[in-house]
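Notes to accompany the following structure.
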Amino acid sequence: MKDLITKTNGQDQLSQTGNSVGNDQAAEILIVYPDDLDDAERNSLCRVVETMTYLGHTADYLPDRKAVLKLSQYSAVVCYALKDDSKTETALMGYSGRVLLLGCLPETLPDPKRYPRTVILSGKDSAVAAYTFSGGNTFTQLLALEGLRLPQNPTYTAGTLSASTGEIPLAEGWGLVRYLPMTDYTTAFARAVLEQETTLWLWPYHDKPHSYAQFIVLDSVYPFTDPQRLLSIVQKLVREKINFVISVMPIYQNADYPAMRQFCEVLRYAQANGGAVIMHAPMVQGDLDPQVLQQKLTDAAQNYFKNQVYPVALEIPRAWMYRENLRSTLGRYRTLFVYEDGTAGECLDLKLATNDFIRLGAQLIPQTIGLDTTGTGYLDCRAGAVYLSSSEDPAQVLKAVSAVRNSTVPLKSLWDMSHTEYFNESGLLTWDGSALKVNGEKVSLNYIPKPYEENHNYKRTVLYRATANLQNQNHVLIVFVAVAMAAFALCMYLARRQMHLRFFYSDVEPLDDNTPRK
604 MKDLITKTNG
614 QDQLSQTGNS
624 VGNDQAAEIL
634 IVYPDDLDDA
644 ERNSLCRVVE
654 TMTYLGHTAD
664 YLPDRKAVLK
674 LSQYSAVVCY
684 ALKDDSKTET
694 ALMGYSGRVL
704 LLGCLPETLP
714 DPKRYPRTVI
724 LSGKDSAVAA
734 YTFSGGNTFT
744 QLLALEGLRL
754 PQNPTYTAGT
764 LSASTGEIPL
774 AEGWGLVRYL
784 PMTDYTTAFA
794 RAVLEQETTL
804 WLWPYHDKPH
814 SYAQFIVLDS
824 VYPFTDPQRL
834 LSIVQKLVRE
844 KINFVISVMP
854 IYQNADYPAM
864 RQFCEVLRYA
874 QANGGAVIMH
884 APMVQGDLDP
894 QVLQQKLTDA
904 AQNYFKNQVY
914 PVALEIPRAW
924 MYRENLRSTL
934 GRYRTLFVYE
944 DGTAGECLDL
954 KLATNDFIRL
964 GAQLIPQTIG
974 LDTTGTGYLD
984 CRAGAVYLSS
994 SEDPAQVLKA
1004 VSAVRNSTVP
1014 LKSLWDMSHT
1024 EYFNESGLLT
1034 WDGSALKVNG
1044 EKVSLNYIPK
1054 PYEENHNYKR
1064 TVLYRATANL
1074 QNQNHVLIVF
1084 VAVAMAAFAL
1094 CMYLARRQMH
1104 LRFFYSDVEP
1114 LDDNTPRK
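According to our numbering, the sequence shown holds residues 604 to 1121 in order.
Quick look at the structure:
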């Protein structure tokens, strides 16, 4: 069964994000951060933790005062923005594992044989950074750096940094140690460099790390929107044989509306022609109870199932990865797409001290890091989703799709992966690469057009529908009652007439023929 990554050397490689990690196992990486984090550093630390999550590695994060005595328990250590050289030296003293230094490189290193000597270049400086990503695509960004230092005689370099002191490498390394001078990882450029360099730093072999693919996602597609616009985009993607995903918003009622059925016609057509459907997470204001969330997802899935549409994955906002109370609900899905929701580092729980979301064992597909206006992915070190809006002009959407297709990071079909979803009332959806089953029953993905009502009454309520059903099912009873009432009225008329005759004419003697008439 293929998984998230593409073929390497003719063989399918197992995705790291598909590996389940037991809760009783120690994390691979320890991230050490300063005790006095400010808001900007907290946001960057959040991105560093997410990098490990997206790359499929478990990581704990502790302040330096707690981390010093625990380094030996981890196979790799990340030192983030440690301001005090002595603390960094103490933390690294005697440690022989992999080390990633982010914005901190002490002048006096604890082990001269393991770490090179450094030269202080500047206190605060601005520099133009350049880095080459997949396919030889080079991007640049202006960085504000503080305490820039240059290691002597590095054995590994990548990128360039053009500062007032001259041009030096952006990333440097020697042996198992890697150094990046940035501390701000909230920008797209810095995050992309961090993900690529972290992948190379942790890769234990001399060849190129595994190559991952990207997915085109038509995002936040609402029911009851113009189906012709969506159909025009879908037909173009089908004709061009481009793999794509449609992220639909959940719907909890009115699944029998003609607009909903017409919308699902397009989705069923997409399913039958290589497209895949996923469920967008409900839009929630305030706190969300996990049981309520699970019921909402169950109801929404059932409404789509009624229309032969089968979402095979769930799309969640980035902040949900930090919601411990949602673990049980999100753990019901094998495949999770993650989109950027604009949240900052406040969502990172420092008390939790671990990125235990990775322990769910889900196949994570986060949003690609957009280094240009098209949102195209230029990183193949992990899977990524390129989100496009179907509400935009179809020509613009197809232009962005073309840019993604022509990039060096390959596209992948969601049908090439296995999927499992658990719902309430023992509901279950599975896809093993050959058969799609709902509650154990095999369902078809073939597209067969279905008619829908054109004179649908949109004002029908539950009471109205019950009344309409009674009216349709009791015509005979209504006729019988009408006949009975007519017979009763006739009887009442005859009885009234008889009583009238008796009242007015009962005391009059009948006349005989011999009685003289006056």
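Every residue, glycine too, gets a C-beta built ideally from N, C-alpha and C.
For residue i, three-class secondary structure by DSSP
i	result
residue 728	strand
residue 781	strand
residue 769	strand
residue 624	Unreliable positioning characterises residue 624 in this predicted model, as indicated by a pLDDT of 35, which lies under 50. The coordinate reading is nonetheless provided below. If DSSP states are grouped into helix, strand and coil, residue 624 belongs with coil.
residue 892	coil
residue 819	strand
residue 806	coil
residue 860	coil
residue 854	coil
residue 644	helix
residue 738	helix
residue 881	strand
residue 1067	Low per-residue confidence applies at residue 1067: pLDDT is 47, beneath 50, and the placement is therefore not dependable, though the value from the model is reported in the following sentence. Three-state result, residue 1067: helix.
residue 956	coil
residue 983	coil
residue 776	strand
residue 1050	coil
residue 1081	helix
residue 968	strand
residue 788	coil
C-beta atoms of residue i and residue j nearer than 8 Å
i	j	result
residue 679	residue 631	yes
residue 1017	residue 1004	no
residue 942	residue 1032	no
residue 773	residue 761	yes
residue 845	residue 819	yes
residue 674	residue 816	no
residue 842	residue 997	no
residue 804	residue 703	yes
residue 849	residue 873	yes
residue 677	residue 648	no
residue 993	residue 821	yes
residue 865	residue 830	yes
residue 909	residue 858	yes
Candidates the options, of which the one nearest residue i by Cα
i	options	result
residue 664	957, 733 and 1031	957
residue 790	1000, 802, 834 and 732	732
residue 886	755, 703 and 825	825
residue 771	754, 778, 787 and 781	754
residue 954	967, 980, 927 and 946	927
residue 697	971, 704 and 672	672
residue 972	988, 962, 963 and 960	988
residue 662	1008, 644 and 959	959
residue 652	746, 788 and 839	788
residue 658	638, 806, 769 and 852	806
residue 637	667, 655 and 643	667
residue 655	1009, 681 and 643	681
residue 1046	847, 1095 and 1038	1038
Local Cβ density within 10 Å of residue i, reported as buried at 16 or more and exposed below that
i	result
residue 965	buried
residue 701	buried
residue 935	buried
residue 1044	exposed
residue 813	buried
residue 895	exposed
residue 741	exposed
residue 808	exposed
residue 871	buried
residue 947	exposed
Proximal residues to residue i (C-beta, below 8 Å), its chain only, five neighbours per side dropped
i	result
residue 854	826, 863, 903, 906 and 907
residue 624	Confidence at residue 624 is low in this model, with a pLDDT of 35, below 50, so its placement is unreliable and the value that follows should be read with caution. 661, 961, 962 and 964, listed in sequence order.
residue 901	1026, 1027, 1028 and 1030
residue 952	925 and 927
residue 944	920, 921 and 922
Test: residue i CB closer than 8 Å to a CB of chain D
i	result
residue 812	Of the protein chains in this structure there is only one, and it is not chain D.
Neighbourhood of residue i by C-beta, 7 Å cutoff - its chain only, sequence neighbours within 5 removed
i	result
residue 799	736, 982 and 984
residue 670	633, 635 and 694
residue 687	none
residue 1042	1030 and 1031
residue 897	932 and 1027
residue 974	742, 791, 792, 795 and 981
residue 640	648
residue 1008	845 and 1014
residue 856	none
Other residues of its chain near residue i: CB distance less than 6 Å, five sequence neighbours each side excluded
i	result
residue 950	922 and 925
residue 1023	937 and 1033
residue 1006	977 and 979
residue 917	882, 936 and 939
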